[in-house]
Each structure stands twice: as structure tokens, then as C-alpha cells.
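Okay, so here's the structure we're looking at.
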Amino acid sequence: MIALYLCIAALFAGPAPDREDALSMLGRTQLDCPACRKAFTTVVCVRSNTRGGVDRDLFARSLGAQPEFYRISTCPRCGYSGYLADFDPSVTLPPDVTDQILRSPRLTLPPGFGPDSDPGELDASARYALALTCYQWRHKSDEAIAWLHLRFSWVEREKGSHLPPDSRLKRALAYIERWRPPLGPTDNQLDVEMKLATRTSEALLTGRFTRYQRPYIELALALILRRHGENAQAGSILRRLQQADAGFFSDDLRTGMATMLESMVREREHQQRAADCFERALLADLVPAGNRPSAMYLLGELFRRLGREAEALEWFDRALKEATLPADLRAWTEQQRSLCLGSWPQK
Ligand SMILES: [Zn+2]
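Counting in the numbering used here, the sequence shown runs from 3 upward without gaps.
Set out below in C-alpha cells:
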């Protein structure tokens with residue numbers, strides 16, 4: 003079982019020393035497939051950090067490679083996929099599950115990926131999709147499936163948080179840096195970037211930019227919000243910019259903006275499924291007692307991100323009533339609850 007509760011204090015690893023070993027690092031390890039018995043090499047994250055910031059739905063970013071992209075391994079022969087623990091020698095698959103994986107309907111590996119392929123060639127989204135199928139066939143718990151969907155949503159967020167290089171966007175991003183608060187040794191990079199986003203929004207409201215600068219400042223703001231999965235706001239800016247675009251943006255940027263909006267749709271699908279599974283597990287009392295308060299917070303935060311404020315408030319309130327909700331998560335619950343109150347009830 004994957005531990006639900008993450009000690010948030012432990013997620014802040016202090017200031018980044020200016021050395022290469024401050025970055026996360028990838029390595030390779032040998033695994034044996036419990037379905038087809040093939041021995042293969044997989045890519046794993048052997049050293050990580052959280053200096054890229056921790057989003058309020060617990061997505062912790064590293065400086066360097068993102069650990070979430072390397073949590074799932076895939077057997078290159080049969081496609082069986084899961085966490086490293088799912089390849090542990092103690093794992094025994096029921097015969098009907100092995101049959102399903104090896105015979106019909108078999109797991110489908112992307113074209114061109116086969117037993118002799120380098121495991122690093124398989125996209126993280128393909129590995130997560132295969133792992134979800136395996137988890138469903140193995141009848142894993144709602145909580146375990148919820149975590150796979152949640153991690154999958156983080157992968158889509160990270161993959162969708164980039165725009166093609168553009169000199170005017172680069173200038174806008176450099177310009178707004180004046181509003182970035184300093185990052186203290188125990189600060190969360192996410193808080194710093196959200197303050198930068200708030201200050202940028204305020205500057206836009208005061209009308210301090212020319213009509214040539216404004217679309218790029220707005221695009222820079224959308225990029226920061228997208229990076230942290232604040233998709234309701236990011237999406238509304240992007241759609242407005244698309245509609246108002248009178249040749250401001252290059253074709254590459256226009257394509258990048260459309261791709262970013264598509265990535266939000268994929269992220270949302272996984273958030274919805276994660277929320278459904280967490281809610282089912284909580285309502286059926288199937289989440290271990292020690293994890294329940296944190297799961298309630300997380301479910302509230304997922305509903306907030308999905309724009310389902312009434313359900314978000316309900317779960318935040320339930321989390322706050324739990325005496326064992328850890329202090330750091332209690333502070334986050336109160337903050338995120340007040341964000342919901344700002345937009346609910348709809349006026
Ligand atoms: Zn296999």
C-alpha cells in the first residue's frame with residue numbers, strides 16, 4: 003500500500019546548494035516481470051529533492067528529472083506495469099490475471115516498443131496507462147487506483163507546462179521577475195510563484211502595460227498558473243488570448259497554447275477519476291484510519307481544482323473536524339477552503 007500521508011515539513015529540503023548534486027538523478031535497476039518472467043532494466047529516480055515546489059495537491063517537483071515520471075516501470079515484453087513494489091519477488095499474480103496480461107485481451111505496447119527497446123524510450127503517460135489497466139485487472143483498491151490517477155494527472159501537468167521558445171514571451175517572463183518574492187530556506191517554491199502570479203495579476207489590473215506588452219504578460223501569467231495546475235484561471239486566460247489574438251502570437255506559440263489547453267483536459271480526466279476513487283474509498287471506510295484526515299484534505303483539494311466548490315468545502319470541513327489532521331495539512335486545508343469561499347457561492 004502506498005502511504006498516503008506525506009509529511010509536508012519533510013517536503014521542503016532547504017536552500018539549493020549551487021552544485022550538480024543538488025539535482026535529482028536517474029539510475030537503472032534490474033527487474034523480473036511477475037507475469038512473463040522476463041528480466042529487464044528499468045529507469046528509476048535514485049535521488050530526488052522538492053526544490054521545484056510542492057503544489058497543494060501534493061505534487062512535489064524536483065530540480066532536475068521529475069521523480070513522478072519514473073515511478074512506474076513497464077515490462078518491455080508483455081507490458082505488465084506498476085511501481086517497483088509491483089515487481090517485488092513476493093508478488094504473485096493470480097493465474098487469471100497472468101492469462102489476461104499474456105493472452106487476451108493483451109496489454110498493448112506502443113508501436114515500435116518491444117522486448118529489446120530501451121525502457122527510457124517509453125513515455126511516462128504510456129507507462130501510467132498500462133499500470134492503470136494492470137491495477138484494474140488485479141482488482142487493486144480504490145485508494146491505490148486513486149493514487150495512480152493522481153500521479154498521472156501530475157505527469158500531464160508537468161508535460162503541459164511548457165511553451166515553445168519565443169523572444170517576446172521570454173522578455174515578459176524576465177519583466178515580471180521584479181515581483182517574485184525572495185525564497186527563504188524553508189519556503190515552498192509554489193508559494194513564491196503563486197505570489198508572483200498574484201502580483202502580476204494586480205499589475206495587469208492597473209493597466210500598466212501597452213497593448214503590445216499585455217498579451218505576453220498575460221501569457222506569462224497563464225504559464226505560471228498552468229505550471230501549478232491552477233487550470234481554471236490558466237484556461238480562462240488562454241482561451242481569452244486565443245479569441246482576442248489579432249496576429250500577436252507566432253504560429254508556434256498559438257500551437258503551444260492549444261497543446262497546453264489539451265493537456266489540461268487530460269489532467270482533469272485523471273483528477274476526476276482520482277476524486278471518484280478517493281471518495282468511494284472514504285465513504286466505504288476503506289482508507290486506513292491514519293490516512294483518512296489527509297485523504298479528506300486531498301479530496302477537497304481535487305474537488306476545488308475541478309471547480310466543484312460545494313463538494314470541496316464539504317471535504318475540507320470534514321478534514322478540519324478530524325483531530326489527527328497533521329498541523330501542516332490543517333493550515334493548507336484552511337487556506338484552500340478560503341480560496342473556495344472566494345468563488346462560492348457563485349454570484
Ligand atoms: Zn512481462
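Glycine included, C-beta positions come from ideal geometry on N, C-alpha and C.
Since this is a predicted model, take the numbers as computed values, not measurements.
8 Å contact criterion, which residue i and residue j should meet: CB distance rounded
{"i": "residue 327", "j": "residue 335", "result": "7 Å"}
{"i": "residue 82", "j": "residue 36", "result": "7 Å"}
{"i": "residue 237", "j": "residue 263", "result": "6 Å"}
{"i": "residue 158", "j": "residue 269", "result": "4 Å"}
{"i": "residue 135", "j": "residue 109", "result": "6 Å"}
{"i": "residue 142", "j": "residue 265", "result": "Rounded, the Cβ-Cβ distance is 26 Å, inconsistent with contact."}
Residues near residue i by beta carbon distance below 8 Å, same chain, minus five either side
{"i": "residue 219", "result": "174, 177, 178, 202, 205, 206, 211"}
{"i": "residue 26", "result": "47, 49, 50, 51, 64, 65, 66, 67, 68, 69"}
{"i": "residue 137", "result": "84, 146, 147, 150"}
{"i": "residue 315", "result": "302, 339, 342, 343, 346"}
{"i": "residue 216", "result": "206"}
CA-to-CA distance, residue j to residue i, given in whole angstroms
{"i": "residue 229", "j": "residue 300", "result": "19 Å"}
{"i": "residue 227", "j": "residue 85", "result": "30 Å"}
{"i": "residue 344", "j": "residue 337", "result": "11 Å"}
{"i": "residue 100", "j": "residue 38", "result": "8 Å"}
{"i": "residue 317", "j": "residue 298", "result": "6 Å"}
{"i": "residue 98", "j": "residue 92", "result": "18 Å"}
{"i": "residue 19", "j": "residue 69", "result": "Low confidence applies here, because residue 19 scores a pLDDT of 45, under 50, leaving its location unreliable and the question unanswered by this model."}
{"i": "residue 224", "j": "residue 239", "result": "6 Å"}
{"i": "residue 152", "j": "residue 275", "result": "8 Å"}
{"i": "residue 181", "j": "residue 209", "result": "16 Å"}
{"i": "residue 256", "j": "residue 244", "result": "8 Å"}
{"i": "residue 183", "j": "residue 60", "result": "22 Å"}
{"i": "residue 66", "j": "residue 52", "result": "10 Å"}
{"i": "residue 2", "j": "residue 241", "result": "Since the first and last residues shown for the chain are 3 and 349, residue 2 lies out of range."}
{"i": "residue 331", "j": "residue 313", "result": "18 Å"}
{"i": "residue 348", "j": "residue 324", "result": "With a pLDDT of 43 at residue 348, under the threshold of 50, the modelled position of this residue cannot be trusted, and the question is left open."}
{"i": "residue 74", "j": "residue 87", "result": "10 Å"}
{"i": "residue 113", "j": "residue 80", "result": "13 Å"}
{"i": "residue 320", "j": "residue 58", "result": "18 Å"}
{"i": "residue 111", "j": "residue 165", "result": "29 Å"}
{"i": "residue 232", "j": "residue 171", "result": "20 Å"}
{"i": "residue 168", "j": "residue 247", "result": "16 Å"}
{"i": "residue 261", "j": "residue 127", "result": "15 Å"}
{"i": "residue 119", "j": "residue 104", "result": "19 Å"}
{"i": "residue 284", "j": "residue 333", "result": "21 Å"}
{"i": "residue 200", "j": "residue 289", "result": "36 Å"}
{"i": "residue 115", "j": "residue 310", "result": "39 Å"}
{"i": "residue 267", "j": "residue 250", "result": "25 Å"}
{"i": "residue 329", "j": "residue 185", "result": "22 Å"}
{"i": "residue 296", "j": "residue 287", "result": "14 Å"}
Endpoints, the beta strand (DSSP E) within which residue i is located
{"i": "residue 28", "result": "27-34"}
Own chain, CB closer than 6 Å to residue i, minus 5 neighbours either side, in chain order
{"i": "residue 279", "result": "144, 147, 148"}
{"i": "residue 76", "result": "83, 124, 129, 132"}
{"i": "residue 163", "result": "228, 229"}
{"i": "residue 294", "result": "none"}
{"i": "residue 89", "result": "33"}
{"i": "residue 291", "result": "none"}
{"i": "residue 117", "result": "78, 79"}
{"i": "residue 254", "result": "166"}
Spatial neighbours of residue i in its chain, beta-carbon cut-off 7 Å, leaving aside the 5 residues before and after
{"i": "residue 235", "result": "227"}
{"i": "residue 277", "result": "301, 304, 305, 308"}
{"i": "residue 32", "result": "41, 43"}
{"i": "residue 102", "result": "139"}
{"i": "residue 353", "result": "With the chain running from 3 to 349 in the structure shown, residue 353 is simply not present."}
{"i": "residue 125", "result": "none"}
{"i": "residue 54", "result": "63, 64, 65, 191"}
{"i": "residue 155", "result": "269, 272, 273, 276"}
{"i": "residue 45", "result": "28, 30, 72, 121, 122"}
{"i": "residue 282", "result": "144"}
{"i": "residue 252", "result": "168"}
Extent of the continuous alpha helix (DSSP H) run through residue i
{"i": "residue 38", "result": "Where residue 38 is concerned, there is no enclosing alpha helix (DSSP H), given that its DSSP letter is neither H nor E."}
{"i": "residue 157", "result": "144-161"}
{"i": "residue 242", "result": "233-246"}
{"i": "residue 289", "result": "That residue, residue 289, is in no alpha helix (DSSP H); it is neither H nor E in DSSP."}
{"i": "residue 317", "result": "311-322"}
{"i": "residue 198", "result": "191-207"}
{"i": "residue 221", "result": "216-229"}
{"i": "residue 351", "result": "Only positions 3 to 349 of the chain appear in this structure, which leaves residue 351 out of reach."}
- [ ] Would you mind listing the alpha helix (DSSP H) stretches within the segment 46-131 that are 4+ residues and don't spill past its ends, in chain order?
- [x] As summarised for the segment 46-131, the continuous alpha helix (DSSP H) elements at least 4 residues long and confined to that stretch are 97-104, given in chain order.
TODO: Let me know the beta strand (DSSP E) ranges lying completely inside the segment 258-282, each 3 residues or longer, listed in chain order.
DONE: none
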